[in-house]
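The structure under discussion appears below in the form of structure tokens.
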Amino acid sequence: MKLAIWVQLLAFVTAASAVQANEDMPEQLIDALNAVFGKHDVRASHAKGICVKGEFRPTATAKDLTKATPFAMTVPVLGRFSIGGGKPNIPDATKSAPRGFALRLEDAGGSHTDLVAISTPMFFASTPDQMLGFLKARAPSADGKPDQEKIKTFAAANPNTTRQGAWLSAHPVPASYAGVNYWPVHAYTLTNADAKPTTVKFKLTPLAGEAGLTDEEAKAKPADFYRTELEDRLNKAPVEFSLTAIIGKESDPTDDPSAMWPEESRRTAALGTVSITSIAGDTACDATTFDPANLAEGISAPAHDPIFAVRSPAYAVSLSRRQ
Ligand code: HEM
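Numbering (this note's numbering), first residue to last: 81 to 403.
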């Protein structure tokens, strides 16, 4: 066989196995999460959480940025506060895990927009392969514990994967699910009725202000204190967050959720208020998955962000395994 044909054949085989590897990636990621946290027939990540209900009230100016229906009228919200990782009994005061806030803005036409946010402005990986490597380095070895040398070697070779952990250790444990900022971390494109696109990142800021615990206070908290804390708050008033759009500049990366935008020096636009009014039964949240790919017309996913692309199929694998 001529050399050129061999080269073409090799290129075909390599491309075919890359496609194969990508097809398997959602399953591989769920297996890797299960290997780190154990299999518990619950969400493979953000296993512990509280399902809530409320509404979203857009600002009058939100429609200048997006024509998406939930930004044109008050809509019902299904939400879930959670703690990162796949352990259903993780203590609420754990410092090393981000808090999660998933939001479903339901629109009158029966479709919805899911914004799935965490309490750090960055994710810990920029690609699915890197996430897989991060998790594999943390899987327990024969003695049942993760190998610290493997973790160090992986971190040295992948410095961007240390940003989230550094952020969490530099910030106090949130005193409440209602006392911390949340970011959906990816870059989205908003399009208004005049087809004008704007690249943004979203941020949710608690109207009650940020509230943190000292390490000593955190140690003294019962394992499940967030639920009673939230119940007490909701008995008095709704728990509210303002949703803002951080407006990106040309230089801001849109393909890497492990990279932060310099948000202090970016313009912002107020989009509305998320008002959580009650705790819902777990079934309302457990029967579904908050899928970041559920977006109303007028909000588009980042086109070249490989982490965003793998989330929807990975969440579907997790949903099918826990049902
Ligand atoms: C490759 C990347 C990722 C993978 C494989 C992954 C995996 C998962 C899985 C399996 C679930 C549970 C899904 C279910 O059973 O309903 C989940 C939930 C969640 N993830 Fe991710 N995730 C990824 C990226 C992210 C990112 C970038 C964020 C940051 C915003 C994030 C935030 C959350 C939150 C807040 C939940 C909880 C949703 C709920 O309360 O139901 N994840 N993730």
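Backbone N, C-alpha and C define an ideal beta-carbon position, used for all residues, glycine too.
If you're wondering where the values come from, they're calculated on a predicted model, not measured in any experiment.
At a threshold of 7 angstroms, does Ser125 count as lining ligand 1 (C-beta to nearest heavy atom)? Judged by the Cβ position, Ser125 qualifies as a neighbour of ligand 1 at the 7 angstroms threshold, a heavy atom of the ligand being closer than this.
Touch check for the stretch 132-143 and the stretch 240-248: three-plus C-beta pairs under 8 angstroms? no
Do the stretch 196-204 and the stretch 265-275 meet, that is, are 3 or more Cβ pairs less than 8 angstroms apart? yes
With a CB to CB cut of under 7 angstroms and the five nearest residues on each side skipped, what residues in its chain are close to Asp144? Asn272
The stretch 174-181 touching the stretch 379-386, judged by at least three CB pairs closer than 8 angstroms: Taking one beta carbon from each stretch, the stretch 174-181 and the stretch 379-386 have fewer than 3 pairs nearer than 8 angstroms; the two do not touch.
To the nearest whole angstrom, what separates the beta carbons of Leu284 and Leu323, a pair I think is in contact under 8 angstroms? 6 angstroms
Could you check how far apart the C-beta atoms of Ile198 and Tyr262 are, in whole angstroms? I think they sit under 8 angstroms. That pair is a contact at about 6 angstroms.
My assumption, with CB atoms under 8 angstroms, is that Arg346 sits in contact with Ile327. Please give the rounded CB distance. 6 angstroms
Determine the direct distance from the alpha carbon of Pro342 to that of Ala127, and round the result to whole angstroms. 31 angstroms
Counting only the same chain and skipping the five closest in sequence on each side, list residues whose C-beta sits under 6 angstroms from that of Gly134. Val157, Ser355, Ile356, Thr357
Which of helix, strand or coil DSSP assigns to Leu293: In the three-state scheme derived from DSSP, where H, G and I count as helix and E and B as strand, Leu293 is classed as strand.
Under DSSP, the beta strand (DSSP E) around Arg137 begins and ends at which residues? 128-138
Indicate, with yes or no, if ligand 1 has a heavy atom lying under 7 angstroms from the CB of Gly129. yes
May I ask which residues mark the beginning and end of the beta strand (DSSP E) holding Val319? First-last of the beta strand (DSSP E) with Val319: 319-327.
Looking at Leu399 and ligand 1, is the gap between the Cβ and the nearest heavy atom below 7 angstroms? yes
Can you check which of these residues, Pro106, Val319, Ser221, Phe161, is closest to Met211 by C-alpha distance? Pro106
Mind checking whether the beta-carbon of Tyr306 lies closer than 7 angstroms to any heavy atom of ligand 1? no
Who pairs with His251 in a beta bridge, going by DSSP? DSSP, once it has assigned bridges, lists no residue as partnering His251.
If you follow the alpha helix (DSSP H) that Val397 is part of, which residue opens it and which one closes it? It spans 386-402 - the alpha helix (DSSP H) in which Val397 sits, taken as one unbroken run.
Are at least three pairs of beta-carbons, each pair with one atom in the stretch 161-177 and one in the stretch 385-396, less than 8 angstroms apart? no
Let me know if Lys147 comes out buried or exposed under the rule of 16 or more other beta-carbons within 10 Å of its beta-carbon. buried
Leaving out the 5 sequence neighbours to the left and right, which residues in its chain are closer than 8 angstroms to Ile110 when beta-carbon positions are compared? Closer than 8 angstroms at Cβ, skipping near neighbours: Ala124, Ala394, Val397, Ser398, Arg401.
Where does Phe203 sit, in a helix, a strand or coil, going by DSSP? Coil at Phe203, not helix or strand.
Taking Asp121 as the reference, give the member of Thr154, Ala142, Pro168 with the closest Cα. Pro168
DSSP three-state assignment for Gly245, whether helix, strand or coil: helix
Tell me the rounded alpha-carbon separation between Ala188 and Phe151. 12 angstroms
With a threshold of 7 angstroms (Cβ to nearest heavy atom), would Thr324 be considered close to ligand 1? no
Taking 7 angstroms as the cut-off, is the beta-carbon of Arg391 closer than that to any non-hydrogen atom of ligand 1? yes
Given 7 angstroms as the limit, tell me if Ser199 has its C-beta closer than that to any heavy atom belonging to ligand 1. no
Inter-residue spacing [alpha-carbon to alpha-carbon] between Arg184 and Leu195: 7 angstroms
Using DSSP bridges, identify the partner residues of His192. Glu186
Just to confirm, are Ala376 and Leu351 a CB contact at a threshold of 8 angstroms? No, the Cβ-Cβ distance between Ala376 and Leu351 is not below 8 angstroms.
Could you give the first and the last residue of the continuous alpha helix (DSSP H) run that contains Lys230? 228-237
Burial state of Gln403 (16 or more Cβ within 10 Å): exposed
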